[in-house]
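Residue numbers (our numbering), protein chains in the order written: chain A, 1 to 388; chain B, 1001 to 1306.
Virtual Cβ for every residue (Gly too), placed ideally from N, Cα, C.
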């Protein structure tokens, strides 16, 4: 926290307004995340410490870099005042840097800018893009469930789920327990959007606010989960999404389908008794099917779990294992499964993610669809008759 | 990024009428067969009655099987070789005609007179109950009608945008296929094709047997792009055509798995001889295919499709 005042006296700004052109700036913000590192200088090989992470003042969150930081006194949640911080732009987003010219001093939460909730703009799910923040949004909770995760060395509980408005649905991760219930309509503020495994996700933390609202305009969760299927070509174009429904025909299975062995700790598939993460383990048998579902416009991969596989195939895990004892070639099992599934019409709902090989659906439900032949013949006949 | 090719729902009649090939883009371009009715197919899904397969391979090391799939509109050849072991096992399994669903890649062989012979190299074959075959046929007819409707719409509104169609759930790829079909098959008889679909609808309703009693045989389209036939060489007989077809099939099979994309001449000759097409006869067929410009030998001993 050195002093140097050759630069022009900056005016206190909000992080929402910092631009490279306004550099240097003065602001008060809270440390959201930080990490200590050292970089090695190329010129003389000397090592220089730095802290990098995220700062937020309630109007925006920006990445920061702090050269030669103090050895202690910085923690998550620390509020500090920075005078003479440099602003640069990286990939169109501002970042702040604390150099030897910057004066950084501790500050109190009361010094954080007063953000009037009324001045934060309202947004809809459709408009949300990764790294957006500083918005309010009204949504319906479609799904929510607590989950225990490891962050670094810490165990934390995250409440994961899905929220939706009339324009669409987005995954939710709340790092603080807001007591959200399925079906509730809520107005959220102080959240931000990030991309997790190719899925945009709305993140809430202890600084976010949740207010229960009437939400008469919001869709009913059941209605959202009953939405009619869309064409697979459309799902491929959009790159997946939440609460997707498609209907198609099974045209193949991808390996590995059938009997697999999983690590008892992380549930990853075990190869030759070795788990990628946990080494030598006693693999637990499991059934799965990687179904290629095709509707004539495109194809998706549906990863069916044991329950769905048993139901669709009509063979239980125990029966599959018994068969394997009689004829030890596991590829015959896969073939038998394909034989019972090929050509079946299925309606699948779930979460879609896209990679280089196309869209993969993690299903919430897989249902068999039977065509009413008489009704179909009548409809087709009418379509044919009207024109020729 | 290459997405999996969708399985176009087509009737045998539409496939029989498809004679225009297209190549995709990229380092390993995908081959497409363009139908007159707005399908741009690499992969297809068909339903019908599958005949028992006949072996057209001589020994087990080069097994190759062929069956016919008939629906009420027509019939196409379904093949599977040792590169499609599961489908081949399924083709071989039956001794009597049975309802089946087939998913596979389309393959066009063009004879010397410009007439195309389409077959489907099966990836997956399954015997099904009759109701399942009829359900699949309903799906096929519905999508075929969707494509015919799209063709009419494109004719009425040439400036139709992908955006406008997306709102109606029509994929952009369908619009591109419809435009290409109109250009490549300007004089196609869609009314006759619609009449053929009626028999398929009767089958969906269960009012008719699995195959139509009077399949129409007049080709819906002919594409004349080959040079006019030379008078001095007599038209090839059906047997000669079959030999050409065998030769080209084997050439494709060898080329498919070779590292450089060329088919080794010796291997092709050894394969065709195991199918009964021996030495001199094979040379005659090869010479004729080269003269016709179907096959070329840019490197001595290495063949490829021209």
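Just so you know, the alpha carbons of residue 1155 of chain B and residue 1204 of chain B end up roughly 29 Å apart. Look at residue 80 of chain A: its C-beta is not under 9 Å from any C-beta on chain B. The beta carbon of residue 1173 of chain B falls within 9 Å of a beta carbon belonging to chain A, placing the residue at that interface. Taking a Cβ-Cβ cut-off of 7 Å, the neighbours of residue 299 of chain A in chain B comprise 1004 and 1006, given in sequence order. In the pairwise beta carbon analysis, the segment 201-211 of chain A is classified as touching the segment 158-177 of chain A: at least three pairs are separated by under 8 Å. With contacts defined as CB atoms closer than 9 Å, residue 1292 of chain B and residue 1112 of chain B qualify as a contacting pair. Of the residues assessed, residue 1125 of chain B falls on the buried side of the cut-off, its CB having 16 or more other CB atoms within 10 angstroms. As for any beta strand (DSSP E) of minimum length 3 sitting wholly inside the segment 331-369 of chain A, the runs are 345-355 and 358-368, ordered along the chain.
The shortest CA-to-CA distance from residue 1029 of chain B to any of B/1039, B/1003 and B/1012 is the one to B/1003. Within the same chain, and ignoring the five residues on either side of residue 1065 of chain B in sequence, the residues whose Cβ sits closer than 8 Å to its Cβ are 1053, 1054, 1055, 1056, 1057, 1079, 1080, 1081, 1088, 1091 and 1092. In the three-state reduction of the DSSP assignment, residue 150 of chain A falls in the strand class. With contacts defined by Cβ atoms closer than 9 Å, residue 345 of chain A and residue 370 of chain A form a contacting pair. Between residue 1267 of chain B and chain A, the shortest Cβ-Cβ separation is not below 9 Å.
Going by DSSP, residue 303 of chain A is part of the beta strand (DSSP E) stretching over 299-304. Residues of chain A with a Cβ closer than 9 Å to the Cβ of residue 1134 of chain B are, in chain order, 371, 373, 376 and 377. Residue range 1190-1204 is occupied by the alpha helix (DSSP H) that includes residue 1193 of chain B. Annotation: Cβ neighbours of residue 252 of chain A in chain B (cutoff 8 Å, chain order): 1103, 1123 and 1124. Residue burial annotation: residue 218 of chain A is buried, with at least 16 other C-beta atoms found within 10 angstroms of its C-beta. In this chain, the alpha helix (DSSP H) harbouring residue 1016 of chain B covers 1012-1016.
Approximately 32 Å separates the beta-carbon atoms of residue 93 of chain A and residue 215 of chain A; this is outside 8 Å, ruling out the contact. Of all residues in the segment 326-343 of chain A, only 335, 338, 339, 342 and 343 place a beta-carbon less than 8 Å from a beta-carbon of chain B.
Within chain B, no residue has its CB atom less than 7 Å from the CB of residue 60 of chain A, the nearest being about 34 Å off. Of the candidates A/76, A/70, A/39 and A/69, A/76 places its Cα closest to the Cα of residue 55 of chain A.
Here residue 1046 of chain B is bridged, per DSSP, to B/1102.
In the assembly as shown, residue 1300 of chain B is an exposed residue. Its beta-carbon has fewer than 16 other beta-carbons within 10 Å.
The contact set of residue 289 of chain A on chain B, defined by CB atoms closer than 8 Å, is empty, because the minimum CB distance reaches about 14 Å. By alpha-carbon distance to residue 1175 of chain B, the top candidate from B/1269, B/1040, B/1282 and B/1199 is B/1040.
The DSSP-derived three-state label of residue 240 of chain A is strand. Taking the C-beta atoms as reference points, residue 1116 of chain B is found nearer than 9 Å to residue 1018 of chain B. At least one C-beta of chain B is nearer than 9 Å to the C-beta of residue 292 of chain A. Ranked by Cα distance from residue 304 of chain A, the options A/364, A/100 and A/134 are led by A/364.
Counting only unbroken stretches of 3 or more residues, the beta strand (DSSP E) elements lying wholly within the segment 178-227 of chain A are 185-189, 192-196, 199-204 and 209-212, in sequence order. DSSP places residue 1156 of chain B in the helix class (H, G or I) of the three-state scheme. Taking the beta carbon of residue 233 of chain A as reference, the chain B residues within 7 Å of it are 1171 and 1173, listed in sequence order. Segment contact: the segment 146-155 of chain A against the segment 329-338 of chain A, fewer than three CB-CB distances shorter than 8 Å; contact not assigned.
For residue 1247 of chain B, the enclosing alpha helix (DSSP H) stretches over residues 1238-1257.
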